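Colleague: Supplied in structure tokens, the structure appears directly below.
Residue numbers (the numbering used here): 73 to 313.
In structure tokens form, the structure reads like this:
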């Protein structure tokens with residue numbers, strides 16, 4: 073095992089002093105074992121959102137509004153490039169039943185939708201070196217999830233990246249294909265992006281819920297942290313690709 077790092081660019085805190093980035097690193101995972109309890113949770117959470125917020129637009133939710141505001145500050149169109157949680161919530165409120173993917177993806181998607189907080193999963197087997205939440209330098213490659221054509225990212229875009237490629241474009245908009253979480257994935261990096269009120273408290277709640285549910289239904293080893301302007305770097309154990 074090698075020590076790897078995740079770091080948040082200090083410039084992001086100049087834009088968003090209240091920003092909290094939660095991190096869960098999963099290892100020793102067997103994502104091939106069926107977990108019907110997690111699949112049931114995924115269906116339940118979708119129905120909960122329809123019951124609680126079905127009479128409103130998802131972009132009006134107090135946990136989604138900060139992302140619209142943040143994207144505006146970063147000169148991105150929130151309607152053209154909606155945050156992942158806005159896009160997911162909109163589909164659910166339209167009555168779509170979002171499909172089960174695999175146990176780990178269903179678990180973090182369930183918590184993402186329940187708390188209306190962007191969460192993603194990056195299979196560390198496909199991540200090269202350390203991970204940064206930073207601004208793109210320009211010219212980095214990016215292949216969107218489910219697509220074959222490679223895009224070239226312009227400079228100045230907020231991205232998750234590793235030593236070779238962009239992992240997520242426009243902060244919490246779209247993830248790359250190379251590091252998607254599969255049943256065969258054994259190690260996964262899961263960021264939890266928190267803006268708005270009670271960011272630290274919500275982050276703690278999500279990490280606690282993830283740990284509890286995973287230990288009951290999807291045994292694995294977990295490393296976690298909450299990063300802020302005073303603590304921008306997390307070191308974790310993982311295989312160095």
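Every residue, glycine too, gets a C-beta built ideally from N, C-alpha and C. This structure is a prediction, so every number in the text was calculated from the model and none was measured.
1) Anyone know if the C-beta pair for residue 199 and residue 251 falls short of 7 Å?
2) Could you check if residue 217 is buried or exposed, using at least 16 other CB atoms within 10 Å of its CB as the buried criterion?
3) Buried or exposed, going by whether 16 or more other CB atoms sit within 10 Å of the CB of residue 265?
4) What does DSSP give as the partner residues of residue 293 in its beta bridges?
5) Who are the Cβ neighbours of residue 224 in its own chain at under 7 Å, not counting the five residues just before and after it?
6) Which complete beta strand (DSSP E) runs does the stretch 186-227 hold, if anything under 3 residues is left out?
7) So if DSSP puts residue 309 in a beta bridge, which residue, or which two residues, is it bridged to?
8) Quick one: what's got a C-beta closer than 6 Å to residue 80's C-beta in the same chain, skipping five residues either side?
9) Starting from residue 300, follow its DSSP beta bridges and name the residues at the other end.
10) For the stretch 153-160 against the stretch 94-114, do three or more pairs of beta-carbon atoms, one drawn from each stretch, fall closer than 8 Å, so that the two count as touching?
11) Just to check my reading of the structure: residue 85 and residue 301 have Cβ atoms closer than 8 Å, yes? What is that Cβ distance to the nearest angstrom?
12) At what residues does the alpha helix (DSSP H) containing residue 165 begin and finish?
13) Within 10 angstroms of the Cβ of residue 169, are there 16 or more other Cβ atoms? Answer buried if so, exposed if not.
14) Quick check: what's the CA-CA separation for residue 28 versus residue 129?
15) Using a Cβ-Cβ cut-off of 7 Å (strictly less than) and excluding sequence neighbours within five positions of residue 148, which residues of its own chain qualify?
16) Answer yes or no: do residue 259 and residue 99 have a C-beta to C-beta separation smaller than 7 Å?
17) Nearest CA to the CA of residue 278: which residue from 194, 296, 268 and 121?
18) Between which two residues does the alpha helix (DSSP H) containing residue 143 stretch?
19) Residue 186 to residue 228, Cα distance in whole Å?
Modeller: Working from what's here:
1) Here residue 199 is taken as the residue at index 127 of the chain shown, counted from 1. Here residue 251 is taken as the residue at index 179 of the chain shown, counted from 1. Yes; because the gap between Cβ atoms is below 7 Å, this pair is in contact.
2) Taking the first residue of the chain shown as position 1, residue 217 is located at position 145. Flag for residue 217 reads exposed.
3) Against the chain shown, residue 265 aligns to sequence position 193. Buried is the call here.
4) Here residue 293 is taken as the residue at index 221 of the chain shown, counted from 1. Paired residue(s): 99.
5) Position 152 of the chain shown holds residue 224. The residues are 211 and 213.
6) 203-207, 212-214 and 223-225
7) Looking up residue 309 in the chain shown gives position 237. 75, per the DSSP bridge assignment.
8) For the purposes of this step, residue 80 is identified with residue 8 of the chain shown, where counting begins at 1. Counting only Cβ-Cβ distances below 6 Å, and skipping sequence neighbours, we find 93, 205, 299 and 304.
9) Within the chain shown, the letter at position 228 stands for residue 300. Residue 300 pairs with 303.
10) no
11) Mapped onto the chain shown, residue 85 falls at position 13. Mapped onto the chain shown, residue 301 falls at position 229. So it is a contact: roughly 4 Å between Cβ atoms.
12) One-based indexing of the chain shown puts residue 165 at position 93. 156-165 is the extent of the alpha helix (DSSP H) around residue 165.
13) Numbered from its first residue, the chain shown carries residue 169 at position 97. Flag for residue 169 reads exposed.
14) Outside the shown range of the chain, which is 73 to 313, sits residue 28, and nothing can be said about it.
15) Start at 1 with the first residue of the chain shown, and residue 148 comes out as number 76. Closer than 7 Å at Cβ, skipping near neighbours: 242.
16) Taking the chain shown and counting its residues from 1, the one referred to as residue 259 is at position 187. Taking the chain shown and counting its residues from 1, the one referred to as residue 99 is at position 27. Yes, the Cβ-Cβ distance between residue 259 and residue 99 is below 7 Å.
17) Within the chain shown, residue 278 is the residue found at index 206, counting from 1. Answer by Cα proximity: 296.
18) Counted from its first residue, the chain shown places residue 143 at position 71. Residues 137-145.
19) Within the chain shown, residue 186 is the residue found at index 114, counting from 1. Within the chain shown, residue 228 is the residue found at index 156, counting from 1. It is roughly 31 Å from the alpha-carbon of residue 186 to the alpha-carbon of residue 228.
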